[in-house]
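Asks: Numbering (UniProt numbering) for the sequence shown: 1 to 393. No residue lacks a Cβ here, since even glycine has one placed at the ideal position from N, Cα and C.
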Amino acid sequence: MQRDHEEHFWNAIVWPILWPMFLIQATLIALCLLVGLAVWWMSPSQVSWSTTLWLALALLLGSTMNVCAFLMLVKMRARQKDAHFMQELAELERHSESLRFAAVQMLPDKTFSTPAISQTPVRPLKRLARVNEMLAGLEHYISGVQRLKQTTEPAKEDQEQALLDDIHHQQQQLKHLIAGRDRAREESRLKTGYLSLLQRETDDLNNHLGRILESDECRLCRQQIVDIRERLADARALLANLVYQSVNDDKAAPAASAASHALRILVVDDGPVNLMLARQMLEAQGLNVEGVSSGEQALERQQTTQFDLVFMDIFMPTLDGLETTRRWRAFEQASGKPRSILVALTANADNAGIAECNEAGMDDLLTKPYQPEKLLGMISKWLPNTAGKASTQ
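#1: Please go through the same chain and pick out, in chain order, the residues whose beta-carbon is closer than 6 Å to the beta-carbon of residue 73, but skip the five residues on each side of it.
#2: DSSP state of residue 291, grouped into three classes?
#3: Whose C-alpha, out of 359, 87, 347, is nearest the C-alpha of residue 366?
#4: Around the C-beta of residue 76, are 16 or more other C-beta atoms found within 10 angstroms, so that it is buried, or is it exposed?
#5: Among 165, 362, 78, whose alpha-carbon lies nearest the alpha-carbon of residue 313?
#6: Along the chain, which unbroken stretches of the alpha helix (DSSP H) at least 4 residues long are found entirely within the stretch 67-91?
#7: For residue 289, which residues of its own chain have a beta-carbon under 7 Å away from its beta-carbon, when the five flanking residues on both sides are left out?
#8: With H, G and I counted as helix, E and B as strand and the rest as coil, what does DSSP make of residue 257?
#9: Can you tell me which of 21, 90, 34, 102 puts its alpha carbon nearest to the alpha carbon of residue 68?
#10: Out of 86, 96, 184, 41, which has the shortest C-alpha to C-alpha gap to residue 131?
#11: If residue 177 and residue 128 are in contact, beta carbons under 8 Å, what's the gap, nearest whole angstrom?
#12: Any idea if residue 133 is buried or exposed, counting beta-carbon neighbours within 10 angstroms, 16 or more meaning buried?
#13: Would you report the Cα separation of residue 305 and residue 79, rounded to the nearest angstrom?
#14: Cβ atoms of residue 277 and residue 293: under 8 Å apart, would you say?
#15: For a quick check, are the C-beta atoms of residue 421 and residue 263 less than 8 Å apart?
#16: Assuming contact is defined by CB atoms lying nearer than 8 Å, are residue 24 and residue 66 in contact in what I supplied?
#17: DSSP on residue 135, reduced to helix/strand/coil?
#18: According to DSSP, is residue 362 part of a helix, a strand, or is it coil?
#19: Could you please give the first and the last residue of the uninterrupted beta strand (DSSP E) stretch that includes residue 331?
#20: Go ahead and pull the three-state DSSP assignment for residue 263.
#21: Rounded to the nearest angstrom, how far is the Cβ of residue 92 from that of residue 173, given a contact under 8 Å?
#22: I need the straight-line Cα distance from residue 345 to residue 295, nearest angstrom please.
#23: Among 322, 85, 302, whose alpha-carbon lies nearest the alpha-carbon of residue 359?
#24: Using the rule of at least 16 other Cβ atoms within 10 Å of the residue's Cβ for burial, across every protein chain shown, is residue 411 buried or exposed?
#25: Compute the Euclidean distance between the alpha carbons of residue 341 and residue 41, then round it to the nearest angstrom.
#26: Only counting the same chain, and skipping five residues up and downstream in sequence, which positions put a Cβ closer than 6 Å to that of residue 291?
#27: Using alpha carbons as the reference points, say which of 310, 317, 355 lies closest to residue 329.
#28: Quick check on residue 250: does DSSP put it in helix, strand or coil?
#29: On the three-state DSSP scale, how would you describe residue 316?
#30: Please classify residue 286 as buried or exposed, where buried requires at least 16 neighbouring CB atoms within 10 angstroms.
#31: Any idea if residue 369 is buried or exposed, counting beta-carbon neighbours within 10 angstroms, 16 or more meaning buried?
#32: Note down the Cα distance separating residue 168 from residue 142, rounded to an integer number of angstroms.
#33: Using a Cβ-Cβ cut-off of 8 Å (strictly less than) and excluding sequence neighbours within five positions of residue 401, which residues of its own chain qualify?
#34: Taking just the CA atoms, how far does residue 33 sit from residue 62?
#35: Quick one: is residue 102 buried, meaning 16 or more other Cβ sit within 10 Å of its Cβ, or exposed?
#36: Can the beta-carbon of residue 181 be found less than 8 Å from the beta-carbon of residue 85?
Structure (structure tokens):
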């Protein structure tokens, strides 16, 4: 039975997503090999180690994005299965309650009763256990009545048999629902394990890039590697937030206080996924959060809204975080508006990077990848009165 469950999970959830990902990955590897061979064939004497490094980094970055897409699709399909399971469970409870009422009306012993299904929110497994307990009690009692009344009430035999068949059918459906719930739990566990593994691999790659950046041989490509580390930090932040969200799926979001609603937070990040996760996490704490994807949009929002704290991504196209900060401070001085707290989001946390942020007008710096609790910690650090209330509600 366990083997059948595993094969069903593989065929229904993993394989429809996995084989297209394998095809994309093979195409990516073949493309990188073709580019490398073409460069070597055209100018073999001029091929340097940096070309090989760039090809390897492009291959690894593409593989990381491929795996992220695979895991997000698995999570989506798991949620669909879970929603289908909850719908069937509600239908089973409704039919079971109708069956219990009909059984009480039909049985000769009116003193018999089975516990009604509770309407209070409980875990799905407890709900399944209650339905199963009620059905088992009905089956046991009806079987006893059938044996006692076989000679005296033959006319009711067909009705009782139909009721037993109904109960058996409901129990079979209940077993299928329990198996579906087990598959959904296994999918969630598999997703969390893949995310944790990918997060560790990305951390190792980031450390390796840091060592290359500090070596003397790589001074010419320092800026390019800094840019790659920024993008890699975005991916690491995404993985950290996904793992955090997976672990805390069953936790209830805290209620917001009136003081936290007055606190306005702006998140500036050109990564749409990181921006979405940061907004969801902060809004779950009862904070009033807005998000923009460029420095130009942030400066436009500054003219119409007063923000208490701004999380500013440093690496952005067109107008980066440092230049946006300089214009933000200049507008505050010219207009006389209250000073906002500006916190930099960057993977370049060395002394030079910190000095650039301070010179531009940043108040603090948060190193990528950042955990969700670090965002709340930064808000509590600079706005302790309002953020503290939001986190304790």
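Replies: Looking at the atomic coordinates:
#1: Locating residue 73 in the sequence shown gives position 73, where the first residue counts as 1. These residues qualify, in order along the chain: 17.
#2: Mapped onto the sequence shown, residue 291 falls at position 291. Residue 291 falls in the strand class under three-state DSSP.
#3: Working through the sequence shown from its first residue, we reach residue 366 at position 366. The alpha carbon of residue 366 has as its nearest neighbour, out of 359, 87, 347, the alpha carbon of 347.
#4: On the sequence shown, residue 76 is found 76 positions in, with the first residue counted as 1. Exposed.
#5: Taking the sequence shown and counting its residues from 1, the one referred to as residue 313 is at position 313. The option with the nearest alpha carbon to residue 313 is 362.
#6: Within the stretch 67-91, no complete alpha helix (DSSP H) run reaches 4 residues.
#7: Taking the sequence shown and counting its residues from 1, the one referred to as residue 289 is at position 289. Hits under 7 Å: 265, 267, 279, 282, 283.
#8: As a position in the sequence shown, residue 257 is number 257, starting the count at 1. Unreliable positioning characterises residue 257 in this predicted model, as indicated by a pLDDT of 42, which lies under 50. A coordinate reading is not provided.
#9: The sequence position of residue 68 within the sequence shown is 68, counting from 1. Looking at the Cα atoms, 21 is the closest of the given residues.
#10: Sequence index remark: in the sequence shown, residue 131 carries index 131 (1-based). For residue 131, the closest of 86, 96, 184, 41 by C-alpha to C-alpha distance is 96.
#11: For this step, residue 177 is matched to residue 177 along the sequence shown. For this step, residue 128 is matched to residue 128 along the sequence shown. About 6 Å; that satisfies the 8 Å criterion.
#12: Position 133 of the sequence shown, counted from the start, is the residue given in the question as residue 133. By the neighbour-count rule (16 or more Cβ atoms within 10 Å), residue 133 is not buried but exposed.
#13: If you number the sequence shown from 1, residue 305 lands on position 305. If you number the sequence shown from 1, residue 79 lands on position 79. Rounded to whole angstroms, residue 305 to residue 79 spans 37 Å at the Cα level.
#14: Position 293 of the sequence shown, counted from the start, is the residue given in the question as residue 293. Position 277 of the sequence shown, counted from the start, is the residue given in the question as residue 277. Their beta carbons are not under 8 Å apart, which means residue 293 does not touch residue 277 by this criterion.
#15: One cannot answer for residue 421 here, as it falls past the ends of the chain, which runs 1 to 393.
#16: Counting from one through the sequence shown, the residue named residue 24 turns up at place 24. Counting from one through the sequence shown, the residue named residue 66 turns up at place 66. Annotated as proximal: residue 24 and residue 66, with beta-carbon spacing under 8 Å.
#17: Here residue 135 refers to the residue found at position 135 when the sequence shown is read from its first residue. It is helical.
#18: Indexing the sequence shown from 1 puts residue 362 at position 362. Of the three classes helix, strand and coil, the one that applies to residue 362 here is coil, per DSSP.
#19: Residue mapping note: residue 331 aligns to position 331 of the sequence shown, counting from 1. Judged by DSSP secondary structure, residue 331 falls outside any beta strand (DSSP E) and instead within the alpha helix (DSSP H) spanning 321-335.
#20: Counting from one through the sequence shown, the residue named residue 263 turns up at place 263. Here residue 263 sits in coil by DSSP.
#21: By 1-based counting over the sequence shown, the position of residue 92 is 92. By 1-based counting over the sequence shown, the position of residue 173 is 173. Rounded, the Cβ-Cβ distance is 6 Å, consistent with contact.
#22: Position 345 of the sequence shown holds residue 345. Position 295 of the sequence shown holds residue 295. Per the coordinates, the alpha-carbon of residue 345 lies some 13 Å from the alpha-carbon of residue 295.
#23: Position 359 of the sequence shown, counted from the first residue, corresponds to residue 359. Of the residues 322, 85, 302, the one whose Cα lies closest to the Cα of residue 359 is 322.
#24: Residue 411 falls outside the range modelled here, since the chain spans only 1 to 393, and no answer is possible.
#25: Locating residue 341 in the sequence shown gives position 341, where the first residue counts as 1. Locating residue 41 in the sequence shown gives position 41, where the first residue counts as 1. For residue 341 and residue 41, the distance between alpha carbons rounds to 54 Å.
#26: Against the sequence shown, residue 291 aligns to sequence position 291. Contacts found: 267, 275, 279.
#27: Here residue 329 is taken as the residue at index 329 of the sequence shown, counted from 1. Check the Cα spacing between residue 329 and each of 310, 317, 355: the tightest is with 310.
#28: Here residue 250 is taken as the residue at index 250 of the sequence shown, counted from 1. Note that residue 250 has pLDDT 45, beneath the 50 cutoff, so the model's placement of it is unreliable and no number is given.
#29: Start at 1 with the first residue of the sequence shown, and residue 316 comes out as number 316. It is coil, neither helix nor strand.
#30: For the purposes of this step, residue 286 is identified with residue 286 of the sequence shown, where counting begins at 1. Classification for residue 286: buried.
#31: Translated into the one-based positions of the sequence shown, residue 369 becomes position 369. That one is buried.
#32: Translated into positions along the sequence shown, residue 168 becomes position 168. Translated into positions along the sequence shown, residue 142 becomes position 142. Straight through space, the alpha carbons of residue 142 and residue 168 are spaced by roughly 12 Å.
#33: Outside the modelled stretch of the chain, which goes from 1 to 393, sits residue 401, for which no answer is possible.
#34: Here residue 62 refers to the residue found at position 62 of the sequence shown. Here residue 33 refers to the residue found at position 33 of the sequence shown. One Cα belongs to residue 62, the other to residue 33, and the distance between them is close to 14 Å.
#35: Translated into positions along the sequence shown, residue 102 becomes position 102. Residue environment: residue 102 is assigned as exposed (fewer than 16 neighbouring CB atoms within 10 Å of its CB, all protein chains considered).
#36: Locating residue 181 in the sequence shown gives position 181, where the first residue counts as 1. Locating residue 85 in the sequence shown gives position 85, where the first residue counts as 1. By the CB criterion at 8 Å, residue 181 and residue 85 fall inside the cutoff.
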